[in-house]
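Asker: Residue numbers (the numbering used here): 6 to 384.
Backbone N, C-alpha and C fix where the C-beta goes; we use that ideal spot for every residue, glycine too.
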Ligand SMILES: Cc1ncc(COP(=O)(O)O)c(C=O)c1O
């Protein structure tokens with residue numbers, strides 16, 4: 006076998022694959038049951054009418070051939086309807102929406118569509134650990150904008166370096182904050198100054214707490230001229246395993262995704278699209294229930310900590326670990342798995358991300374173990 010192509014060699018260690026490996030090895034050791042808050046894997050599935058729509062559509066004889074390569078117009082109309090009705094944004098379903106098999110795929114494809122060899126992808130740090138992967142495949146380097154908790158994790162985009170693209174993510178994984186005032190406007194200014202593109206990863210857009218409204222980047226004046234938003238079915242509807250999402254916004258960027266799609270994929274199983282339409286257009290009470298559930302669990306965890314963490318959305322709580330406590334120690338001594346902060350970029354060192362996408366019972370046990378671990382290092 007010849008050596009691996011450079012683009013494969015450039016891929017960084019996949020943070021979550023490595024984390025899952027460490028957690029399974031720890032779980033296999035003797036001791037009390039391991040509690041895993043490391044991975045964010047929604048445990049609440051979609052509402053019954055969505056599963057029923059999948060079942061019905063899979064029963065049609067016509068469902069099993071190749072579906073249209075660029076997606077069914079009906080599916081794109083459904084997401085355009087959501088943008089209009091919920092986020093106050095008009096998008097043309099024909100030219101401003103691309104259908105993708107989950108936004109993780111979109112993150113890589115956008116890097117390939119926006120960055121040439123030697124270009125720079127700009128990332129506020131901490132960032133979602135999958136962002137560097139697309140840059141590696143594209144041959145782009147990463148420039149980070151370090152964020153600080155005392156500044157509300159807000160990036161100073163007017164001082165940000167040039168680059169071919171900027172990835173933003175609100176509500177933020179891992180920082181769990183919503184877009185600070187003015188950040189989206191500053192992102193449009195950055196794009197105009199550099200002639201580059203903004204990608205807003207809106208994976209958790211609807212998972213916002215304490216009455217905050219969902220906020221789309223595309224509602225910002227000028228946003229569609231310079232960027233796109235990634236919209237995922239995974240978190241809003243608990244459909245993470247279904248692998249379906251959208252790239253919405255700037256028509257040229259959408260066309261680049263569609264072009265990649267023409268060459269590398271053949272549509273998305275039509276019954277999945279029918280179910281996505283049912284989710285987007287059917288009753289929405291499950292979304293509010295899901296948000297209330299995550300908010301309640303956030304409060305359970307917060308009550309166990311010496312100071313309540315800032316957590317405005319997502320199903321993660323991002324905490325600073327006290328001196329003497331580390332993710333490794335929590336795993337070894339408390340059998341509590343969390344996602345170590347350093348995997349989210351240099352500014353994540355000393356922090357940890359805890360998922361509440363687990364049952365209430367698991368959150369309660371985790372809260373007890375966390376409280377004990379904090380008390381042990383404070384003593
Ligand atoms: C910030 C962020 N973006 C994107 C994704 C990918 O979501 P999906 O591929 O399920 O749409 C995730 C998944 O956890 C995420 O946390």
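Using the Cα positions of residue 362 and residue 54, report the straight-line distance between them to the nearest angstrom.
Answerer: Counting from 1 along the chain shown, the entry for residue 362 is found at position 357. Counting from 1 along the chain shown, the entry for residue 54 is found at position 49. C-alpha separation (whole angstroms): 22 angstroms.
Asker: Using alpha carbons as the reference points, say which of 196, 87, 294 and 159 lies closest to residue 187.
Answerer: Taking the chain shown and counting its residues from 1, one reaches residue 187 at position 182. Looking at the Cα atoms, 159 is the closest of the given residues.
Asker: Please check the pair residue 350 and residue 132, which I expect to be a contact at CB under 8 angstroms, by giving their CB distance rounded to whole angstroms.
Answerer: Taking the first residue of the chain shown as position 1, residue 350 is located at position 345. Taking the first residue of the chain shown as position 1, residue 132 is located at position 127. Correct: roughly 5 angstroms between the Cβ atoms.
Asker: If you pair each beta-carbon of the region 256-272 with each one of the region 73-89, do three or more pairs fall below 8 angstroms?
Answerer: The region 256-272 is in contact with the region 73-89.
Asker: Counting by C-beta, which residues lie closer than 6 angstroms to a heavy atom of ligand 1, in chain order?
Answerer: Cβ atoms closer than 6 angstroms to ligand 1 belong to 45, 107, 108, 109, 133, 174, 178, 206, 208, 237, 239, 245 and 250.
Asker: Among 357, 310, 315 and 321, which residue has its Cα nearest to the Cα of residue 333?
Answerer: As a first step, residue 333 is located in the chain shown; it is residue number 328 there, counting from the start. Per the Cα distances, 357.
Asker: I need the boundaries of the alpha helix (DSSP H) containing residue 1, first residue and last residue.
Answerer: Residue 1 lies beyond the residue range present for the chain, which begins at 6 and ends at 384; the question has no answer from this structure.
Asker: DSSP three-state call for residue 277: helix, strand or coil?
Answerer: In the chain shown, residue 277 corresponds to position 272, counting from 1. If DSSP states are grouped into helix, strand and coil, residue 277 belongs with the helices.
Asker: What residues are listed by DSSP as bridge partners for residue 233?
Answerer: Taking the chain shown and counting its residues from 1, the one referred to as residue 233 is at position 228. Its beta-bridge partners are 204 and 254.
Asker: Assign residue 320 to one of three DSSP states: helix, strand, or coil.
Answerer: As a first step, residue 320 must be located in the chain shown, where it is residue number 315. Coil, per DSSP.
Asker: Determine the DSSP secondary structure at residue 125, reduced to helix, strand or coil.
Answerer: Translated into positions along the chain shown, residue 125 becomes position 120. Residue 125 falls in the strand class under three-state DSSP.
Asker: Could you please give me the residues that DSSP links to residue 213 through a beta bridge?
Answerer: Within the chain shown, the letter at position 208 stands for residue 213. 318.
Asker: Does the pairing of the region 188-206 with the region 103-123 give three or more beta-carbon distances under 8 angstroms?
Answerer: Yes, they touch.
Asker: Of all the alpha helix (DSSP H) runs that stay within the bounds of the region 70-142, which reach a length of 4 or more residues?
Answerer: With a minimum length of 4 residues, the continuous alpha helix (DSSP H) runs that stay inside the region 70-142 are 78-92 and 108-119.
Asker: Between the Cα of residue 371 and the Cα atoms of 304, 328 and 282, which residue gives the shortest distance?
Answerer: One-based indexing of the chain shown puts residue 371 at position 366. Residue 371 has its Cα closest to that of 304, out of 304, 328 and 282.
Asker: Taking the straight line between their C-alpha atoms, what separation do you get for residue 293 and residue 214?
Answerer: Taking the first residue of the chain shown as 1, we reach residue 293 at position 288. Taking the first residue of the chain shown as 1, we reach residue 214 at position 209. Approximately 10 angstroms between the Cα atoms of the pair.
Asker: Let me make sure I understand the geometry here. Which of 170, 283, 354 and 227 has the alpha-carbon closest to that of residue 59?
Answerer: Taking the chain shown and counting its residues from 1, the one referred to as residue 59 is at position 54. It is 283 whose Cα lies nearest to the Cα of residue 59.
Asker: Which of the three DSSP states, helix, strand or coil, is assigned to residue 199?
Answerer: Taking the chain shown and counting its residues from 1, the one referred to as residue 199 is at position 194. Here residue 199 sits in helix by DSSP.
Asker: Please state whether the Cβ-Cβ distance between residue 343 and residue 302 is less than 9 angstroms.
Answerer: If you number the chain shown from 1, residue 343 lands on position 338. If you number the chain shown from 1, residue 302 lands on position 297. Against a cut-off of 9 angstroms, the Cβ pair of residue 302 and residue 343 comes out as no contact.
Asker: Which residue or residues does DSSP assign as beta-bridge partners of residue 148?
Answerer: Translated into positions along the chain shown, residue 148 becomes position 143. Looking at the DSSP assignment, residue 148 forms a beta bridge with 127.
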